[in-house]
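Here is the structure we will look at, set down as structure tokens.
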Amino acid sequence: MRKEEIKSLVSRMTLEEKAGMCSGADFWYLKSIERLGIPQVMVTDGPHGIRKQSNQADHLGINESEKSVCFPAGCATASSFDRSLLTKLGETVGHECQAMGVSTILGPAMNIKRSPLCGRNFEYYSEDPLVSAELAAAMITGVQSKHVGTSAKHFLANNQEKRRMTNSSEVDERTLREIYLASFEGAVKKAKPWTVMNSYNRINGAFVGDSKEYLTDILRDEWGFDGYVVSDWGAVNDRVQALKAGLDLEMPSSNGINDKLIVDAVQNGKLEETVVDQACERILDVIFRYTENRDETAVFDYEKDHATAAEMEAECAVLLKNDDQILPLRKNSKIAFIGKYVKEPRYQGGGSSHINSWKVESALEAVKDIAGVTFSRGFDDVEDIVDEKLQEEAVKAAQEAEIAVVFAGLPDNFESEGYDRKHMNLPDCQNTLIERIASVQKNVVVVLHNGSPVRMPWKEQVKGILEAYLGGEAVGKAVVDLLFGKANPCGRLAETFPERLEDTPCYLTYGKGKDTALYQEGVFVGYRYYTSRNVKAAYPFGYGLSYTTFAYENLTVDKKEMDDTEILKVSVNVKNTGDRSGKEVVQLYVQAPGDEVVRPIRELRGFDKIMLEPGEEKTVTFELDMRAFAYWNTQIHDWFAEDGIYRILIGRNAEEMLLEETVTVHGTKTVPRIYSMNTCMGELMRDPHAQAVMGPFLQGMQQNTDAQKMADAQENDTSGAINAEMMNAMMEDMPLRQLLSFVPGMKREMLDQLLAALNQ
Ligand code: BGC
3 MRKEEIKSLV SRMTLEEKAG MCSGADFWYL KSIERLGIPQ VMVTDGPHGI
53 RKQSNQADHL GINESEKSVC FPAGCATASS FDRSLLTKLG ETVGHECQAM
103 GVSTILGPAM NIKRSPLCGR NFEYYSEDPL VSAELAAAMI TGVQSKHVGT
153 SAKHFLANNQ EKRRMTNSSE VDERTLREIY LASFEGAVKK AKPWTVMNSY
203 NRINGAFVGD SKEYLTDILR DEWGFDGYVV SDWGAVNDRV QALKAGLDLE
253 MPSSNGINDK LIVDAVQNGK LEETVVDQAC ERILDVIFRY TENRDETAVF
303 DYEKDHATAA EMEAECAVLL KNDDQILPLR KNSKIAFIGK YVKEPRYQGG
353 GSSHINSWKV ESALEAVKDI AGVTFSRGFD DVEDIVDEKL QEEAVKAAQE
403 AEIAVVFAGL PDNFESEGYD RKHMNLPDCQ NTLIERIASV QKNVVVVLHN
453 GSPVRMPWKE QVKGILEAYL GGEAVGKAVV DLLFGKANPC GRLAETFPER
503 LEDTPCYLTY GKGKDTALYQ EGVFVGYRYY TSRNVKAAYP FGYGLSYTTF
553 AYENLTVDKK EMDDTEILKV SVNVKNTGDR SGKEVVQLYV QAPGDEVVRP
603 IRELRGFDKI MLEPGEEKTV TFELDMRAFA YWNTQIHDWF AEDGIYRILI
653 GRNAEEMLLE ETVTVHGTKT VPRIYSMNTC MGELMRDPHA QAVMGPFLQG
703 MQQNTDAQKM ADAQENDTSG AINAEMMNAM MEDMPLRQLL SFVPGMKREM
753 LDQLLAALNQ
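Okay, so the sequence shown: first residue is 3 according to the numbering used here, each after it adds one.
Here's what the structure looks like:
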């Protein structure tokens, strides 16, 4: 429907109808107005499948929903580093939405993984905003290609579950821009989600839902968002203020209470009616985007989508360790599958994303078609208690086999929406089981089912580790295909696996505040922290092995010097040097000079996933624009690339750089210099304008100043007490006001004039 038609529709609505349109009819439906032909539409959770509740609605995944296909969760799909995979996931889910009559799926969830402890990390993509934004954009594009909406959530700085509804994320402007906003910015600009969901939390004291700065100034005016903003379920603090700020739709229903506040505010002159009109226009626009393109005939094949879920998971799992090429397994070996998750895999997380899966395919089922294995349960994870009998059986099975594959992971209650994890450990009963098995069997492979990093105290005692993450309902099939080499692992970690919780960037503050979360680590989130501080990770960001090998050469840049308004073209050759086909994730990092502000040692600025046959070589190209070099400058409130030499790096992962080039970048934006009496000489001497202004004064200084005396003293000094380096260091930090003492005849008025000239 065209904008004018929507406007005319809204003009025919009463104030009460308009206020009513700005909140849900119930838990999942928006309101309809029959007399005006406004249809009723439904939104439901996802994002890795459809949680359509017909009865007894709730937002915590408690009551059952209709059966649907559970695809790998965000933690897994992000590890694919594969935009086309996310688009395909979006298309598949979008098509299922058409078939199930769902107008908008509530996702993707794309908050940054600030700490491995966040209970909801399993839904989120990455610790890196570029990866998160790119993959979310791909997913959004896929869903919306089926004329179904998405809801990019949870906007903004919602990085913990503890007190998620009241907590204030205390975070500085630059960090917000470079890390937390950036994750949404890329997705909004690239894929234009039909809706954005504001989070429950506050930022620096104010609720996101009440914030015009985030919901309108940045989201709409800067980034061009043109859908509606919907509250997370119940994330409305002050309805009238929120509407003014740009929160269009309140979900779920507030039983008319908040609608009445809107009506009253208009009638009392506290709210412009045009603000209500505008929210309605946005909501109706999105409703009609769906209803006018409704595919009533859509049906989907559960079996086919289940197979798609398996194919996807096989592209997501990350091979962390493969000593002595223990994997792929050989079919005729004597293999023991051990662990509860062999039979009952943990494949999705708890909370609002919880899918009532159509079917679940375990590794035990899937392996039947491939090889004979023995199975023993090993542990029960309902309570973390070592079951002696189960362990003994498992150890015996491991001993009798040639290879033991232990399926370990986090139990449901260890990670979920609604609360954070307290530690990074697997249940003790699993750790002891693995250790006992490793003491009797030298060929041990561990398959992990978890939504976020775990400690692996047995890491050196096993030969293989396959991180399956929460791989969706077909995880068993995918894992078996990977273990036996039917598929070649090609996932890479989209988050760092630290050695210990104490190594994490926000260890000192995460979850510690009562109602506040101090983001003291600033931009040093994830690998930005580990690599800058040289803290070795158990497995770094970007890490993952393959059954084949890849070699890199010939990194080239198309120019060695450029303005920040130009595009730098970078290319690199990648060759499959092994004997089987495989996929590689090519990662480009940039190291900035970092003279002006403290910056991470390197940041991911490009990635691409490519398929290579044995011996095949491909050239991968990247285009870097100003943002690849820039940081957020809080003086000009804008992106700013400082002048200098930047290193362009190709890395196998965030820790391991392989190839390097450099480019000199000239920044074209200027940051106005504001000098004061306390500006130091070093800073002044690096600014050509200041140098020109200061020239005459400095000459005066040189004749008979204390500084000159110091210089003379230095010349005559044979003891080495003062050297040129020390002199410079002293001058570097000497404030302007000190000229009063050092330049004979210098008067306060002269210094004032000098300062005025400097600031011109
Ligand atoms: C969650 C959202 C979800 C909504 C509806 C909230 O508690 O934070 O992610 O979409 O409930 O279930």
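Backbone N, C-alpha and C define an ideal beta-carbon position, used for all residues, glycine too.
Point to revise | Burial state of residue 698 (16 or more Cβ within 10 Å) | key: By the 10 Å Cβ count, residue 698 comes out exposed.
Exercise for review: Within the same chain, show all residues whose beta-carbon is closer than 7 Å to that of residue 617, passing over the 5 residues directly before and after it, in chain order.
Suggested key: The answer, listed in chain order, is 578.
Review point. Start and end of the beta strand (DSSP E) containing residue 310?
Key: First-last for residue 310: 304 to 318, but that is the alpha helix (DSSP H), not the beta strand (DSSP E).
Review point. Using a threshold of 7 Å, is the CB atom of residue 686 nearer than that to any non-hydrogen atom of the ligand BGC?
Key: It does not: the Cβ of residue 686 is nowhere closer than 7 Å to a heavy atom of the ligand BGC.
Point to revise | Burial state of residue 662, where buried means 16 or more other Cβ atoms lie within 10 Å | key: By the beta-carbon neighbour count (other beta carbons within 10 angstroms, threshold 16), residue 662 is exposed.
**Study point:** residue 649, DSSP secondary structure in three states
**Key:** For residue 649, the secondary structure class from DSSP, reduced to helix, strand or coil, is strand.
Check your understanding: Can you name the start and end residues of the beta strand (DSSP E) that residue 200 belongs to?
Key -> Residues 197 to 200.
Review point. Could you give the residue range of the beta strand (DSSP E) that holds residue 338?
Key: Note, residue 338: beta strand (DSSP E), 337 to 340.
**Study point:** residue 567 and residue 670 closer than 8 Å at C-beta
**Key:** Yes.
Point to revise | Residues near residue 205 by beta carbon distance below 6 Å, same chain, minus five either side | key: The answer, listed in chain order, is 159, 171.
**Study point:** From 84, 100, 565, residue whose alpha carbon lies closest to that of residue 296
**Key:** The option with the nearest alpha carbon to residue 296 is 100.
Exercise for review: Consult DSSP for residue 230 and reduce its assignment to one of helix, strand or coil.
Suggested key: Secondary structure at residue 230: strand, using DSSP grouped into helix, strand and coil.
Practice item. Kindly examine the ligand BGC and report whether one of its heavy atoms sits closer than 7 Å to the Cβ of residue 2. Key: The structure shown has nothing for residue 2, since the chain only spans 3 to 762.
Point to revise | C-beta atoms of residue 177 and residue 521 nearer than 8 Å | key: Yes, these two residues count as a Cβ contact at 8 Å.
Check your understanding: Is residue 111 near the ligand BGC, in the sense that its beta carbon is under 7 Å from a heavy atom of that ligand?
Key -> Within the cutoff, so yes.
Review point. What does residue 621 pair with, by DSSP beta-bridge criteria?
Key: BP columns for residue 621 point to 575.
**Study point:** Residues that DSSP places opposite residue 376 in a beta bridge
**Key:** Note: residue 376 sits in a beta bridge opposite 338.
Check your understanding: Which ranges would you report for the alpha helix (DSSP H) in the stretch 7 to 74 if only whole runs of at least 4 residues count?
Key -> Qualifying alpha helix (DSSP H) stretches, in chain order: 17 to 23.
Check your understanding: With contact counted as at least three CB pairs below 8 Å, one residue from each stretch, are the stretch 283 to 297 and the stretch 142 to 160 in contact?
Key -> Counting Cβ pairs under 8 Å, three or more are found: they touch.
**Study point:** Local Cβ density within 10 Å of residue 531, reported as buried at 16 or more and exposed below that
**Key:** Residue 531 is buried by the Cβ-count criterion.
Practice item. Taking residue 467 as part of the beta strand (DSSP E), name the residues at either end of that continuous run. Key: Counted as a single uninterrupted DSSP element, the beta strand (DSSP E) harbouring residue 467 occupies residues 466 to 469.
Point to revise | Delimiting residues of the alpha helix (DSSP H) encompassing residue 677 | key: No alpha helix (DSSP H) contains residue 677, which DSSP labels as neither H nor E.
Check your understanding: Counting Cβ pairs, one atom from each stretch, are 3 or more of them under 8 Å apart for the stretch 480 to 496 and the stretch 85 to 103?
Key -> Touching, no, given that fewer than three Cβ pairs across the two stretches are closer than 8 Å.
Exercise for review: Count the other CB atoms, across all protein chains shown, that sit within 10 Å of the CB of residue 691; report buried if there are 16 or more and exposed otherwise.
Suggested key: With fewer than 16 other Cβ atoms inside 10 Å of its own Cβ, residue 691 counts as exposed.
Exercise for review: Can you tell me which of 659, 738, 728 puts its alpha carbon nearest to the alpha carbon of residue 693?
Suggested key: Of the candidates 659, 738, 728, the residue whose Cα lies closest to the Cα of residue 693 is 738.
Review point. When burial is assigned at 16 or more other CB atoms within 10 Å of the CB, is residue 2 buried or exposed?
Key: Because the chain here runs from 3 to 762, residue 2 falls outside it and cannot be looked at.
Exercise for review: Would you check whether the ligand BGC has a heavy atom nearer than 7 Å to the C-beta of residue 354?
Suggested key: Checking the Cβ of residue 354 against the ligand BGC gives yes.
Check your understanding: Just the Cα atoms here: how many angstroms apart are residue 259 and residue 112?
Key -> Our two residues, residue 259 and residue 112, have alpha carbons roughly 31 Å apart in a direct line.
**Study point:** Beta-ladder partner(s) of residue 204, from DSSP
**Key:** In the DSSP secondary-structure assignment, residue 204 is bridged to 170, 209.
Exercise for review: Give a single yes or no on whether residue 61 has its beta carbon closer than 7 Å to a heavy atom of the ligand ATP.
Suggested key: Only the ligand BGC can be found as ligands here, which leaves the ligand ATP out of the picture.
Review point. Among 212, 279, 332, 309, which residue has its Cα nearest to the Cα of residue 10?
Key: Nearest C-alpha to residue 10: 279.
Review point. So is residue 56 buried or exposed if we call it buried at 16+ other beta carbons inside 10 Å?
Key: Residue 56 is classed as exposed because its beta carbon has fewer than 16 other beta carbons within 10 Å across all chains shown.
Check your understanding: Are there 16 or more other CB atoms within 10 angstroms of the CB of residue 335, so buried, or fewer, so exposed?
Key -> If you draw a 10 Å sphere on the C-beta of residue 335, you find fewer than 16 other C-beta atoms in it, and that means exposed.
Review point. Going by beta carbon distance, what residues of the same chain come within less than 8 Å of residue 286, once the five residues before and after it are set aside?
Key: Correct list, in chain order: 3, 8, 11, 12, 23, 40.
Check your understanding: Can you give, in chain order, each stretch of the beta strand (DSSP E) that sits fully within the stretch 585 to 632 and has at least 3 residues?
Key -> List check, beta strand (DSSP E) in window: 605 to 614, 619 to 626.
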